[in-house]
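In terms of the working numbering, the sequence shown is residues 3 to 466.
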Amino acid sequence: MAEKIIVGLDIGTTKIACFIGKKNDEGKIEILGYGRTPSSGIERGQVISIIGAADSIKKAVKSASEMAGGYEVKEVYVGIAGQHIKSIRSNGSIMVPPEHPYVLQEDLDNLIGQQYQLMLNPGEEIVHVFPQKYIADDQELLYTHPVGVPCAKLECQFHIVTGDVKEIKKIYSAVIKAGLEVKQLVLEPIASSRAVLNSMDTEAGVALVDIGGGTTDIAIFQDKVIRHTAVLPLAGNVITRDIQEGCTVLRHQAETLKTRFGNCLPTDVSADDYISIPGYANSASREISMKTLAGIVKARTVMILDLVNHEIEMSEYKNKLIAGIMLTGGGSMLANIEKLCEYTTGLNTIVGKPDALLSNNTPQELKNPMYSTGIGLLAYGIEAEENTPEPEPEPEPIPEITPEPEYIEEEEEENPKSSKKEKKKKEPKEPKFKKAAVNVSDAVKEWLNKFMGEDIDTIDESED
């Protein structure tokens, strides 16, 4: 497995990032190559232009492939987000066959497979099925894997993630047009959780909040089980737009102001601090108050965090999140965002970086919250490959023995003219002793005629 190479493709609103990596002998992820390019044709996590998205994907994959020594990328694990993503809860049950002494893997696969047959709203498709709680013969299991448990009936509560069929097809079309094949679609907060959360976090209870460019993704874990997922349509781009309008600057200038000088707490910024912005064309340069900038950033960030808090409350797990909130994504790099999040939600908050899974020789620039999804896709892909059983080798074909052809005597074609003659010739001749017997019989007849004085031929054959 150490040599199995995985490729993760993060199709984001502001950037498309491709990562090529593998699991090394120490169990860490070794990045072989990575590429990043500005997104084209993507808005709020959804593909708007297939051609534009495909071109951006090609550029990112090409950069990663060149860094990886020319590795040919064929299959990719692709992140999916967007406001079309929804989640539902479902219950399922099966009767364990009497001949099974306990629950087998095939029984579990059957139970999970039934969920993919659920009746959904028109235009929806299942992306993930997450088992949450198993019940064996009306007894709740304290662990999440029921294989080996003896029971007659197995039930389970599921968390199911769905997406819009049209949006999913657009992602597939863009990836295929870029010359690649989708190995699997992975919900982005699930991928990010693989990069920044550990088993203690998921057991204690944690809300992963990935603030990207176009969407804010949420995944709630408790007792090592995913309990709730959501995608919010507000993220870093709305903060950039507010700065652009509030400070009357160009969009790229607004993005620079946000990433370099953005602060979520205006009270921590001096009113005497200003930032000089170059003028457009022949206009003079302008000065932007950092306190004004911080006020704009805080106002929009609070709006995003209010939505996050509402989603956590709706999940009914807020009081069970011992580990609090883990922020990640490019939007989590704003100064003092942890303090603002704690003030808004009342939960302990830290910023998570994707560094725990990476090998020691990983460039420092990749240990950045903005790459949590891409590196998480590598971790997800490696785990998926490890849990996929290798196909059994096909048995060697038994050589076929061709039987020797039986000798069949060919029949001569009949000549209609000579058929009668042929039949006469083929009739068996009477044996010679029969003729002799006839001769003796005639002699006897002649003797009897003389002796009895009557013709022997006139005697009734029925008389003895």
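Ideal placement from N, C-alpha and C gives every residue a C-beta, glycine not left out.
Residue i to residue j, Cα distance in whole Å?
i      : j      : result
Val227 : Lys64  : 37 Å
Glu313 : Ala283 : 45 Å
Leu359 : Glu367 : 15 Å
Thr261 : Leu295 : 11 Å
Asn350 : Gly115 : 38 Å
Leu236 : Ile53  : 25 Å
Leu156 : Ile137 : 6 Å
Glu60  : Lys17  : It should be noted that the sequence gives Lys, not Glu, for residue 60. About 13 Å.
Asp471 : Leu11  : Residue 471 lies beyond the residue range present for the chain, which begins at 3 and ends at 466; the question has no answer from this structure.
Leu307 : Leu342 : 8 Å
Gly207 : Asn321 : 9 Å
Ile90  : Thr231 : 9 Å
Ser374 : Pro356 : 5 Å
Tyr319 : Ala325 : 12 Å
Thr390 : Ile222 : 26 Å
Met121 : Phe160 : 15 Å
Val198 : Gly376 : 12 Å
Gly125 : Leu234 : 20 Å
Asp99  : Glu169 : Before going further, note that residue 99 is Pro rather than Asp in the sequence given. Rounded to the nearest angstrom, the two C-alpha atoms are 40 Å apart.
Thr258 : Leu252 : 10 Å
Gly331 : Ala256 : 19 Å
Output needed for residue i: all residues of its chain with C-beta closer than 6 Å, excluding positions within five of it in sequence on either side, in chain order.
i      : result
Ile7   : Lys24
Thr347 : Asn311
Ser58  : Ile18, Thr39, Ser41 and Ser42
Cys20  : Leu11, Gly37, Ala62, Val63 and Ala66
Lys135 : Gln159
Please check the pair residue i and residue j, which I expect to be a contact at CB under 8 Å, by giving their CB distance rounded to whole angstroms.
i      : j      : result
Ile82  : Val188 : 7 Å
Ile128 : Thr164 : 6 Å
Gly215 : Asn200 : No, Gly215 and Asn200 are not in contact; Cβ-Cβ is about 26 Å, not under 8 Å.
Gly383 : Tyr79  : 4 Å
Tyr73  : Ile22  : 6 Å
Tyr276 : Ser291 : 6 Å
Ile31  : Ala381 : 6 Å
Gly182 : Val49  : Looking at the sequence provided, one finds Leu at residue 182 rather than Gly. That pair is no contact at about 14 Å.
Val151 : Tyr104 : 6 Å
Val1   : Tyr174 : Given that the chain is displayed from residue 3 to residue 466, the structure contains no residue 1 and the question cannot be resolved.
Met69  : Gly35  : 3 Å
Ala56  : Lys179 : 4 Å
With DSSP collapsed to three states, give me the class of residue i.
i      : result
Met121 : coil
Pro191 : helix
Val49  : strand
Cys153 : coil
Asn200 : coil
Pro235 : coil
Ser89  : strand
Gly10  : strand
Val227 : strand
Lys30  : coil
Gly35  : strand
Tyr212 : Looking at the sequence provided, one finds Asp at residue 212 rather than Tyr. Strand, per DSSP.
Lys423 : Interpretation of Lys423 is limited by its pLDDT of 48, a score under 50 that renders its predicted location unreliable; the figure taken from the coordinates is listed afterwards. In this structure, Lys423 counts as helix in the three-state DSSP scheme.
Ala138 : strand
Val167 : helix
Gly115 : helix
Val80  : strand
Thr217 : coil
Pro40  : strand
Glu367 : helix
Ala55  : helix
Val131 : strand
Lys437 : Because Lys437 sits at a pLDDT of 44, beneath the cut-off of 50, its placement in the model cannot be relied upon, and the following sentence gives the value as read from the coordinates. Helix, per DSSP.
Ala286 : coil
Glu385 : helix
Gly71  : coil
Glu5   : coil
The ligand HEM and residue i: does the residue's C-beta get closer than 7 Å to at least one heavy atom of that ligand?
i      : result
Met328 : Among the ligands in the structure shown, none appear at all, so the ligand HEM cannot be discussed.
Going by beta carbon distance, what residues of the same chain come within less than 7 Å of residue i, once the five residues before and after it are set aside?
i      : result
Ser334 : Ile213, Val353 and Pro371
Glu205 : Asp225 and Lys226
Lys425 : Reliability of the predicted coordinates at Lys425 is poor, the pLDDT of 47 falling under 50, and no value is obtained from them.
Ile241 : Lys260, Val299, Arg302 and Thr303
Thr364 : Ile33
Asn123 : none
Met97  : Ala154 and Lys155
Asp244 : Ile298 and Arg302
Any beta-carbon of chain B closer than 8 Å to the one on residue i?
i      : result
Glu388 : This model lacks chain B altogether, as it is built from one protein chain only.
Please work out which residues of its chain come closer than 8 Å, Cβ to Cβ, to residue i, disregarding the five sequence neighbours upstream and downstream, and give them in chain order.
i      : result
Asn338 : Asn265, Cys266, Leu267 and Asp270
Lys423 : For Lys423, the pLDDT reaches just 48, beneath the cut-off of 50, and the residue's location in the model is therefore unreliable, although a value from the coordinates is still provided. None.
Thr15  : Ser41, Ile44, Glu45, Arg46, Gly47, Gly214, Gly215, Gly216, Thr217, Ala237 and Asn239
Asn112 : Ile96
Please give me, in chain order, every unbroken run of the beta strand (DSSP E) with length at least 3 that falls completely inside the region 300-360. 326-330 and 351-353
If we require 3 or more residues per run, which beta strand (DSSP E) segments fall completely within the region 245-281? 276-279
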